[in-house]
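In this note's numbering, the protein residues as written are 65 to 238. Note that beta-carbon positions come from the ideal geometry of N, C-alpha and C, so glycine has one too. This structure is a prediction, so every number in the text was calculated from the model and none was measured.
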């Protein structure tokens, strides 16, 4: 998986804005960059689980969650479910076609939560994330260090336990 991440961020970023710094007006042009962010958020959602308090008995299929219960919903678990994602452990931004997004059942992908408790900052976070990735990839190729050990630390947010040690290689002007 690490080689796939390196090749995407290092060699396949959108290149249709020239050498100027990308702006919010460029978001529609940065479709592949958006797919890279979407896939990254699928594999490693910063909020990996959310809790809710059940106020009234809530039937789900043949089960009923009793009032007063606490439940956990895990983005990480849903985002890695092979029922919804072919090769769920593989970093594959190309999976995010319009057809795939349209046919994905609700709450099979929810890196920002959802419903009335969804993150109010989600639209800004998508814009900011796409622009940051595009800006960095425009000037740098990023390579994960071969000795890098990736282990997740699922605290309040999901993060790499040992950080993400990368080698940055400055792109040459073309």
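According to DSSP, is residue i part of a helix, a strand, or is it coil?
i           : result
residue 142 : helix
residue 202 : helix
residue 208 : strand
residue 84  : coil
residue 94  : coil
residue 72  : The predicted position of residue 72 is uncertain, since its pLDDT is 45 and thus under 50; a value taken from the coordinates is nonetheless stated next. It is helical.
residue 179 : helix
residue 110 : coil
residue 105 : helix
residue 99  : helix
Apart from the five residues just before and just after residue i, which ones in its own chain have a Cβ nearer than 8 angstroms to its Cβ?
i           : result
residue 152 : 143, 144, 145, 146
residue 226 : 212, 213, 214, 215
residue 237 : 83
residue 76  : In this prediction, residue 76 scores a pLDDT of 44, lower than 50, which makes its location untrustworthy; no coordinate-derived value is stated.
residue 171 : 137, 142, 178
By DSSP's criteria, residue i is part of a beta bridge. Which residues make up the other side?
i           : result
residue 234 : 204
residue 213 : None; residue 213 has no bridge partner.
residue 195 : Answer is none; residue 195 lacks a bridge partner.
residue 222 : 218
Please list, in chain order, all residues of the same chain as residue i whose beta carbon is under 7 angstroms from its beta carbon, the five residues on each side excluded.
i           : result
residue 117 : 134
residue 132 : 118
residue 209 : 229, 230, 231
residue 160 : 99, 102, 103
residue 85  : 199
residue 182 : 176
Looking only at its chain, what residues have a beta carbon closer than 6 angstroms to the beta carbon of residue i, apart from the 5 residues adjacent to it on each side?
i           : result
residue 98  : 194
residue 149 : none
residue 128 : 121
- Item | Sequence ranges, alpha helix (DSSP H) only - wholly within the stretch 113 to 175, length at least 4 | Within the stretch 113 to 175, the complete alpha helix (DSSP H) runs of at least 4 residues are 139 to 143, 162 to 167.
- Query: Would you say the stretch 190 to 197 touches the stretch 99 to 110, given that touching needs at least three Cβ pairs under 8 angstroms?
  - Reply: Contact between the stretch 190 to 197 and the stretch 99 to 110 is present, because at least three Cβ pairs lie under 8 angstroms.
- If we count Cβ pairs, one from each stretch, closer than 8 angstroms, do we get three or more for the stretch 212 to 229 versus the stretch 174 to 188? Counting C-beta pairs closer than 8 angstroms gives fewer than three between the stretch 212 to 229 and the stretch 174 to 188, which falls short of the contact rule.
- Message: Within 8 angstroms, do at least three Cβ pairs link the stretch 126 to 145 to the stretch 166 to 186?
- Response: Flag = yes, the stretch 166 to 186 and the stretch 126 to 145 touch.
- Message: Whether or not the stretch 80 to 94 and the stretch 193 to 203 are in contact is what I'm after, with contact meaning three or more pairs of Cβ atoms, one per stretch, closer than 8 angstroms; do they touch?
- Response: Cβ pair count under 8 angstroms is three or more, so yes.
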